[in-house]
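Below is one structure, written out as structure tokens; comments come after it.
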Amino acid sequence: MNLEKHNQRMQLLADVTYKIRQSLDLHEILQTTVTEVRQLLDADRVVMFQIHADGAGTVVQEAVLPGWSESIHQNIVDTCFGPSFLESYRQGRVSVINDIEKAPITPCHAELLRKFEVKANLVIPIVSQDKLWGLLIAHQCSTPREWQVFEVDLLKQLADQAGIALAQAKLLSDLNQAHQQLRFHVENSPLAVIEWNHACQIQRWSAQAERIFGWSAGDVLGRGPDHWFIHTDDLHLFREQVLNLTGHPFPSHANPKGDQLTRNYTKSGKLIDCEWYSSALFDKEGNLVSILSMAQDVSARQQAEVALQQLNHELEQRVEQRTAALQESEQRFRSLFEAAPDCIYVLDTQSIIKHVNPVVIERAGYSKSELVDHPIVKLFTAKSQVLYQQQFTELLAQGNHRQELEFVGRNGKILTVDCSFQVVKDPLGRTSILVVQRDISDRKALERIKDEFISVVSHELRTPLTSIHGSIKLLATGQLGDLSEDGQQMLDIADQNTDRLVRLVSDVLDLQRIESGQAKIGKQLCDAADLMSHATAAMGSMAYHHKVTLKSTPLLTMLWANPDYMVQTLTNLLSNAIKFSKPGGTVELSAELRIEERRLQDSSEQEEHLQKTIVQQTVKHTELWFQVLDQGQGIPADKLESVFERFQQVDASDAREKGGTGLGLAICRKIVEQHGGKIWVESVLGKGSCFFVALPMSCWLVDRADAS
Amino acid sequence: MAMAEKHILIIDDEQAIQAVASLSLKMEANWHVITASSGAQGIQLAEQNHPHAILLDVMMPIMDGIGTFKKLQQNPQTFSIPVILLTAKAQAADQEEFYNLGVAGVITKPFNSLTLASQIIQLLGW
């Protein structure tokens, strides 16, 4: 009987063990264990209690007879067990309590058991992989129960089996997890992952491989690395790589050369550049199991590299050309800089000298160290320093400027210099100022001598001229006695030519004063109509004598001018027109406002390209034009310019015949230029001429003219 | 225009100018003219004769017209006599400078010998 019972129990244990070990699923193992054990022991409740790292635990599986409370998912954190409680289980202790009311357990432990209606319990540790995984616990709730030895043994063996099954399940789970991770990485890799078997046939083809090459796994599995996939010329590269990895030569490998870059075909026939990374897997015996290759489409990168190389090449060429051009230009500039007869300085924007050419050192006597890194203003007289400073801001704004300054040489000698300033920007955007300084001391000295000479001579001429002129006029009245007819004729000649001489001396003086700048052209607001009236009134008598009709159409507009000089200009023009008109002819003086829209010019060359993008700006430019129209003989085309030069009348005899000085138009031009205007003549031979004087008008004056 | 008899002193180192100006004033207005050839002589004659007006040349040796004018101004016997300068400087700027000194008028050389008296009358408001 005993043997039979023993056999029965062994059979039972084998059956249950089989059921437990049959599964590799943790949940299923636990479920099977508690169910089978409860049935086997005919207990009221059997639970699997998993112990966590912190010592607390959870009921993770339970088999309980109906009517008894469930403990599944209960967390048990009970301080009454203490740390030694788990330690004893770790060492293999089995707890057998037949009647909790009589067992030597702490009151709180007893209380916990009572909570689950436990009358007797049996606790077996489950050790898995040498660690206490948890406890297998059987409860008897209906009555106390005397647990049999064989029952304890049976439970211990089942707990061992459960421990083994749990270890296996965990291993499998870990393996699955690792596998899934690997799979995730392979499928999500930006690289195509291709696995070749020992016969070099594709056995794995990742989703990215399909994306890159176009073939699905179904298309390629079982195929080898051949012309369908790799460019013929690159086959050897791929095979060489594999050979290096495995030592297994491919049948037709040749031309071994280490290169991981090949040209591959996609399903659509397109050729792409791929970079390969491969590794081989061998078994314990050293047999090749598989080759894992990862490929990356680097076509875009290759194309970019090729394009970059080309760009680099072009850039290098351009740099070379540009450098050569720059060198040539620099050389040209240097030659010019070194050989120029004028002093040349390069300044920074603070007026500090940065470079000087040899002429500066030669002429001024300064050493290079006395000049470079010193402010240029120190080279000028105090008066010129002020002038320089005044114009400097304007220079930076306008880009260029020209100025006469007094330069002090090393020996203290003062030179008059004509300085031309030019703001220059180099390609890096650095601003410097180029100064070309020309010594005009000799010219200035000559001009001064000439001015003084003309001034003195003219003054000295005037005194005797006053006597001659005055006495002849008095004589000509006839009040001092009668003259013979010839005598009267001679007196008239003397009278006329004295008049002419007086005018000539006046004109020479006027011209010299205006040219030398001695005459200050003080401007004021004046009315064009007034100026015209004055001029025609002054010429009325002359026109009458020449039997010329003088017409004037005055224009009411204000202008900013010197009224005396403007009347002199108009008078000169009218006088010329009358002189060169035939009797019966007409001379007309008129004026008009000319408004023209001018495109705003930008002097800076650097900003030239910007101009194209901005809206073209226009300004209204207004000029007042005076016109003196005659019906005289006209002026030949080749003389239209030169008539404004001194003593440049159309015909050399004009001066004598017409009593002119040959300076009238030269004076007019000087006066008009001093007003910022221009003077010119248009003429038709035999029909007449028209002299134009154009004076610039400021906008507000124009507005006033409009308003008036 | 009524031309009452006036006494005019002409101070000019040029005899010719003296002669032309004298005759001119006499012929045009029948004025009485006395002449001096230097500034010093002119001041002396002015003190003695107390003329209605003085025509004074600017450019003279030793004491020029400006110096002479200043002396006349400082002299209690002559400071009230109006002085008209005769000058070859025709520029407005020069003339303004003279007027700033306090002269009664400026006549530029060469003057019109037929209208010299008229010019003086106009300048002095006679």
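Those protein sequences? They're chains A and B, same order as listed.
If you're matching positions, the first sequence starts at 518 in the numbering used here and goes up one per residue.
If you're matching positions, the second sequence starts at 236 in the numbering used here and goes up one per residue.
Beta carbons: idealized from backbone N, C-alpha and C, even for Gly.
Only a predicted model underlies this, so the values are computations on that prediction, with no experimental measurement involved.
Which residue comes first and which comes last in the beta strand (DSSP E) that contains residue i?
| i | result |
| --- | --- |
| A/S949 | 948-956 |
| A/L1211 | Reading the sequence as shown, one finds Ala at residue 1211 of chain A and not Leu. Element bounds for A/A1211: 1205-1214. |
| A/R721 | 719-722 |
| B/S259 | Careful: B/S259 lies outside any beta strand (DSSP E), inside the alpha helix (DSSP H) at 250-264. |
| B/A271 | 267-271 |
| A/V1201 | 1195-1201 |
| A/S612 | 612-614 |
Using only alpha-carbon positions, find the residue among the options that is nearest to residue i.
| i | options | result |
| --- | --- | --- |
| A/Y1179 | A/A1060, A/D1027, A/M1214 | Checking the sequence shown, residue 1179 of chain A turns out to be Gly, not Tyr. When each option's Cα is compared against that of A/G1179, the closest is A/D1027. |
| A/M1083 | A/C1185, A/V1160, A/V1145, A/E911 | A/C1185 |
| A/H1138 | A/C1043, A/L1072, A/L932, A/A1211 | A/A1211 |
| B/S272 | B/A288, B/I289, B/Q253 | B/Q253 |
| A/A637 | A/Q908, A/A655, A/D890 | A/A655 |
| A/G1177 | A/Q906, A/E879, A/N1093 | A/N1093 |
| A/E618 | A/S901, A/N592, A/R662 | A/R662 |
| A/E1163 | A/L1087, A/L1076, A/E1032, A/L1106 | For clarity, residue 1163 of chain A is Arg in the given sequence; the question names Glu instead. Measuring from the Cα of A/R1163, the nearest candidate turns out to be A/E1032. |
| B/A251 | B/T270, B/M262, B/E331 | B/T270 |
| A/V974 | A/K1064, A/E668, A/V1022 | A/V1022 |
| A/T1103 | A/I878, A/T1066, A/T1070, A/F1097 | A/T1066 |
| A/Q920 | A/D559, A/S901, A/K930 | A/S901 |
| B/G274 | B/G360, B/E249, B/K344, B/A264 | B/E249 |
| B/L351 | B/S259, B/I301, B/Q312 | B/S259 |
| A/S958 | A/S949, A/I971, A/I931 | A/I931 |
| A/L788 | A/G731, A/G574, A/W1077, A/L639 | A/G731 |
| A/L1048 | A/F1143, A/E923, A/R1030 | A/F1143 |
| A/Y1061 | A/G1039, A/K1040, A/I1095 | A/I1095 |
| B/M295 | A/E977, A/I1152, A/Q996 | A/E977 |
| A/D571 | A/Q578, A/I593, A/I589 | A/I593 |
| A/D859 | A/S868, A/L922, A/W1197, A/D935 | A/D935 |
| A/L639 | A/W650, A/F566, A/H590, A/P624 | A/F566 |
| A/H744 | A/G786, A/R835, A/R728, A/K1064 | A/G786 |
Which residue marks the beginning of the alpha helix (DSSP H) containing residue i, and which one marks its end?
| i | result |
| --- | --- |
| A/V635 | A/V635 -> no alpha helix (DSSP H), and no H or E assigned at all. |
| A/G651 | From DSSP, A/G651 is part of no alpha helix (DSSP H) but of the beta strand (DSSP E) over 648-657. |
| B/I297 | Taken as a continuous stretch (DSSP letters only), B/I297 belongs to no alpha helix (DSSP H), as it is neither H nor E. |
| A/A1154 | Looking at the DSSP string, A/A1154 is not in any alpha helix (DSSP H), and its letter there is neither H nor E. |
| B/A239 | No alpha helix (DSSP H) contains B/A239, which DSSP labels as neither H nor E. |
| A/S901 | 899-915 |
| B/A281 | 274-284 |
| A/V1189 | 1181-1191 |
| B/S353 | 351-359 |
Please indicate yes or no: does the CB of residue i lie closer than 6 Å to some heavy atom of the ligand PLP?
| i | result |
| --- | --- |
| A/T1139 | Absence of the ligand PLP is noted for the structure shown, with no ligands found whatsoever. |
DSSP puts residue i in a beta bridge; with which residues?
| i | result |
| --- | --- |
| B/G340 | B/I319 |
| A/E1002 | Note: A/E1002 sits in no beta bridge, so no partner. |
| A/K784 | According to DSSP, A/K784 bridges with nothing at all. |
| B/L290 | B/I245, B/I319 |
| A/E792 | A/L778, A/Q813 |
| A/D935 | A/E921, A/R955 |
| A/S1107 | A/T1070, A/Q1144 |
| A/L797 | Leu is not the amino acid found at residue 797 of chain A; the sequence shown has Ala there. The partner list for A/A797 (beta bridge, DSSP) reads A/I808. |
| A/N592 | A/T575 |
| A/E1113 | A/H1138 |
Which runs of the beta strand (DSSP E), 3 residues or longer, sit entirely within the stretch 691-760 of chain A?
-> Listed in chain order, they are 709-714, 719-722.
May I have a chain-ordered list of the beta strand (DSSP E) segments no shorter than 3 residues that lie completely inside the stretch 542-581 of chain A?
-> Qualifying beta strand (DSSP E) stretches, in chain order: 562-568, 574-581.
Within the stretch 833-897 of chain A, note down every full alpha helix (DSSP H) run reaching 4 residues or more, in order along the chain.
-> Here the runs fully enclosed are 875-881, 885-888.
For the stretch 1017-1101 of chain A, which segments carrying the alpha helix (DSSP H) assignment without a break, of at least 4 residues, lie completely within its bounds, in sequence order?
-> Listed in chain order, they are 1045-1063, 1080-1096.
At least 3 beta-carbon pairs within less than 8 Å: the stretch 985-1002 of chain A vs the stretch 244-259 of chain B | Output reads yes: the stretch 244-259 of chain B touches the stretch 985-1002 of chain A.
Are the stretch 958-971 of chain A and the stretch 1013-1022 of chain A touching, with three or more C-beta to C-beta distances below 8 Å?
-> Flag = no, the stretch 958-971 of chain A and the stretch 1013-1022 of chain A do not touch.
Could you say if the stretch 747-757 of chain A and the stretch 775-787 of chain A meet the contact criterion of at least three C-beta pairs nearer than 8 Å?
-> In short, these stretches touch, since the Cβ pair count reaches three.
Inter-stretch contact (C-beta, 8 Å, three-pair minimum) for the stretch 697-717 of chain A and the stretch 802-817 of chain A | Yes, the stretch 697-717 of chain A touches the stretch 802-817 of chain A.
Does the stretch 670-680 of chain A come within contact of the stretch 539-555 of chain A, defined as at least 3 CB pairs closer than 8 Å?
-> Short answer: they touch.
Decide yes or no for the touch test of the stretch 1143-1155 of chain A against the stretch 1192-1204 of chain A: beta carbon pairs closer than 8 Å, at least 3 of them.
-> With a cut-off of 8 Å, the stretch 1192-1204 of chain A and the stretch 1143-1155 of chain A count as touching, because enough Cβ pairs lie within range.
How do the stretch 560-570 of chain A and the stretch 579-593 of chain A stand: do at least 3 beta-carbon pairs fall below 8 Å, yes or no?
-> Taking 8 Å as the limit for Cβ pairs, the verdict is that the stretch 579-593 of chain A does touch the stretch 560-570 of chain A.
Pairing CB atoms from the stretch 339-351 of chain B with CB atoms from the stretch 297-306 of chain B, are three or more of them under 8 Å?
-> Output reads no: the stretch 297-306 of chain B does not touch the stretch 339-351 of chain B.
Segment contact, 8 Å Cβ cut-off, at least three pairs: the stretch 866-877 of chain A with the stretch 947-954 of chain A = In short, these stretches touch, since the Cβ pair count reaches three.
Taking 8 Å as the threshold, find out whether the stretch 909-927 of chain A comes into contact with the stretch 937-946 of chain A through three or more Cβ pairs.
-> Enough Cβ pairs lie closer than 8 Å, so yes.
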